[in-house]
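Residue numbers (the numbering used here): 13 to 475. For each residue, glycine too, the CB sits at the ideal point set by N, CA and C.
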């Protein structure tokens with residue numbers, strides 16, 4: 013990091029990573045830097061330099077692609093008091109192409125703008141991130157590992173096969189904070205696990221603009237939003253600000269908001285305010301809220317419009333509040349979903365039919381206003397444990413005895429596949445995120461990872 017800045021084609025071994033980015037900043041054209049395998053440690057102290065001389069790697073002027081060499085998996089580690097990458101405002105498009113790991117990073121600015129612990133992307137062009145693992149970034153403000161501020165002109169933000177692990181922000185967005193404005197945003201096969209926010213959105217926070225933010229085939233699990241005992245916390249998993257969102261074939265599970273004895277906690281899995289949200293072929297499972305005042309262990313919605321289509325909701329029954337909380341200016345339409353939980357608040361819930369509800373605590377009346385003629389209310393067990401039953405995300409498979417209860421939906425209303433990517437049945441399909449009795453695509457020996465202990469999920473057993 014401290015030498016090899018020449019980066020001349022005629023001279024071997026004269027180009028460090030910092031030197032390559034400095035050359036890219038100076039060449040006046042879009043550039044590509046290819047990283048061979050290895051550990052790249054950023055060791056030059058100096059956190060407030062914006063010229064790519066010390067601290068983080070500063071990218072400005074024109075576009076830059078930072079790409080792993082074929083067959084390699086480089087690691088870039090920040091060992092000083094600064095971020096790893098700082099993308100400055102310009103009109104260039106930026107690409108991070110893995111497999112690659114970004115390890116550590118600390119958002120340090122004397123001016124008080126301390127967001128994006130590992131990567132800060134500030135109003136550049138489009139940003140494409142593929143196959144990158146963010147690990148252990150820290151931000152005194154927002155976006156523990158990634159902070160994205162949309163460009164002044166509409167761009168594209170796409171995260172594909174990206175993981176966030178052990179990231180922490182003292183404000184919002186333990187894993188990431190995305191302020192998307194008019195940017196087209198897609199998160200595909202993103203996994204956010206074990207991240208922490210001091211305020212809101214342990215697994216991530218998104219403030220959207222006019223285009224719909226699409227989150228698909230992604231998992232938000234074991235994240236935490238918990239500040240002091242006197243503060244309010246929202247969204248252990250995902251914090252969704254104003255805008256339009258679609259969550260497809262995804263799982264939000266075991267996230268926690270608040271702490272016992274704290275001030276207030278809302279939305280263990282998802283908190284949305286002033287937004288539109290469609291959940292389809294997705295799972296909300298065992299999220300929790302702890303505080304003196306709590307709302308919505310799995311989802312809390314304020315002044316929003318929501319739709320559930322082929323959703324499976326399985327609440328934690330250990331004493332957390334109602335699974336879904338809606339304030340008076342919020343509406344929820346529910347279609348072909350399996351709800352093992354309860355609903356609270358003054359919001360409006362409308363059933364579009366083909367739903368199966370199993371209330372908590374053995375209740376024998378609907379707790380979510382699912383009163384359509386095509387709805388089913390039951391006290392029977394419905395779901396297997398959350399596990400890997402095939403596909404990119406964990407799901408709740410349907411118990412064999414419950415398959416008849418959920419075999420309800422006529423084919424014109426059935427999507428082609430379930431959350432796992434398994435084909436739905438042709439004439440009728442099952443409500444909920446998982447089609448019963450259908451194997452996921454691909455070659456497999458067993459379709460869970462042994463974690464369910466369910467031999468019925470395996471392709472064969474040998475006594």
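- Our two residues, residue 317 and residue 342, have alpha carbons roughly 6 Å apart in a direct line.
- Under a 10 Å Cβ-count criterion, residue 91 is classified as exposed, with fewer than 16 other Cβ atoms of the shown protein chains found around its own Cβ.
- Residue pairing of residue 340 in beta bridges, as defined by DSSP: absent, with no partner found.
- Shown here, residue 37 sits in a helix according to DSSP, grouped into three states.
- Assignment of residue 96 by DSSP, reduced to helix, strand and coil, places it in the coil class.
- The criterion of a C-beta distance shorter than 8 Å is satisfied by residue 255 and residue 225.
- Assignment of residue 271 by DSSP, reduced to helix, strand and coil, places it in the coil class.
- Taking 8 Å as the cut-off, the Cβ atoms of residue 271 and residue 247 do not count as close.
- The alpha-carbon of residue 175 is positioned some 33 Å away from that of residue 304.
- Per DSSP, reduced to three states, the secondary structure at residue 397 is strand.
- Taking C-beta separations shorter than 7 Å and ignoring five residues to either side along the sequence, the partners of residue 173 in its chain run 142, 143 and 201, following chain order.
- Between the alpha carbons of residue 113 and residue 155 lies a gap of roughly 17 Å.
- By a beta-carbon distance limit of 8 Å, residue 118 does not contact residue 100. Their separation comes to about 18 Å.
- According to the DSSP secondary-structure assignment, residue 145 is paired through a beta bridge with 113 and 175.
- Residue 216 sits in a strand when the DSSP states are folded into three classes.
- Listed in chain order, the beta strand (DSSP E) runs fully inside the region 236-315 are 244-246, 250-252, 255-260, 263-265, 268-270, 276-278, 282-285, 287-292, 295-297, 300-302, 305-307 and 311-314, counting runs of at least 3 residues.
- By the Cβ neighbour-count rule, residue 57 is exposed, with fewer than 16 other Cβ atoms within 10 Å of its own.
- Of the candidates 106, 81, 268 and 349, the residue whose Cα lies closest to the Cα of residue 171 is 106.
- Relative to the Cα of residue 167, the nearest Cα in the group 179, 134, 188 and 364 belongs to 134.
- In this structure, 360 is the residue among 360, 326, 308 and 279 with its C-alpha nearest to the C-alpha of residue 319.
- Closest in alpha carbon position to residue 336, among 321, 348, 352 and 330, is 352.
- Residue 185 and residue 404 have their C-alpha atoms roughly 23 Å apart.
- Per DSSP, residue 402 has no beta bridge partner at all.
- Going by DSSP, residue 319 is part of the beta strand (DSSP E) stretching over 317-321.
- A check of alpha carbon separations from residue 384 across 368, 374, 49 and 391 identifies 368 as the nearest.
- Around the C-beta of residue 287, 16 or more other C-beta atoms lie within 10 Å, and the residue is accordingly described as buried.
- In this structure, the beta-carbon distance from residue 451 to residue 416 does not fall below 8 Å.
- Taking residue 153 as reference, the option from 293, 187 and 136 with the minimal CA-CA separation is 187.
- For residue 131, the enclosing beta strand (DSSP E) begins and ends at 131-134.
- Put simply, the backbone Cα of residue 149 is about 34 Å away from that of residue 338.
- Taking all protein chains shown into account, residue 60 has fewer than 16 neighbouring C-beta atoms within 10 Å of its C-beta and is therefore exposed.
- Checking the DSSP bridge columns, you'll see residue 226 partnered with 198 and 258.
- Assignment of beta-bridge partners to residue 205 by DSSP yields 177 and 233.
- Judged by beta-carbon spacing, residue 169 lies beyond the 8 Å limit of residue 146, meaning their Cβ atoms are not closer than that value.
- In this structure, DSSP gives residue 65 a state outside helix and strand, which the three-state scheme calls coil.
- The beta carbon of residue 258 is closer than 6 Å to those of 224, 226 and 290 in its chain, skipping five residues each way along the sequence.
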